[in-house]
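Below you'll find the structure, written out as structure tokens, and then a few comments.
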Amino acid sequence: MAQQNVRKSEYFDLPNIPETYADYVIQTYFDNRSQNFRLEFGVTRLDATDPKQPIAKQYTSCRLVLTPDALIKLAANIEDMMNDLKAKGIVTPHTHDVSDTVQ
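Numbering (this note's numbering), first residue to last: 362 to 464.
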């Protein structure tokens, strides 16, 4: 069995990188060509040009590209956070309603 050459890495926080806010996921997909996962997030903003009929507009706020390993780690972290939120009663388990699934 071939031994892999694994290098240790050291984490450096860069506090000057801005945070990006998103209130919905626009799309997620796997790019076969680059073998990366692409996630696009968006933000909803209210256009109050006409105060009587404000219009909600959705804009792309972030495009995130992850390697398969990074996506697996992200999924595990999100699962851990969701389990903590469920245990604290902040969110409740959601069951998927398949009644409107196209057959």
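Built from N, CA and C at the ideal position, the CB exists for glycine as well. From a predicted model like this one, the values you see are computed outputs, not experimental measurements.
- Between the alpha carbons of residue 444 and residue 437 lies a gap of roughly 11 Å.
- Pairing residue 402 with residue 390 gives a Cβ-Cβ distance that is not under 9 Å.
- Here the segment 403-423 makes no contact with the segment 368-375; the two share fewer than three CB pairs at distances below 8 Å.
- By the CB criterion at 9 Å, residue 429 and residue 388 fall outside the cutoff.
- Rounded to the nearest angstrom, the gap between the Cα atoms of residue 440 and residue 381 is 21 Å.
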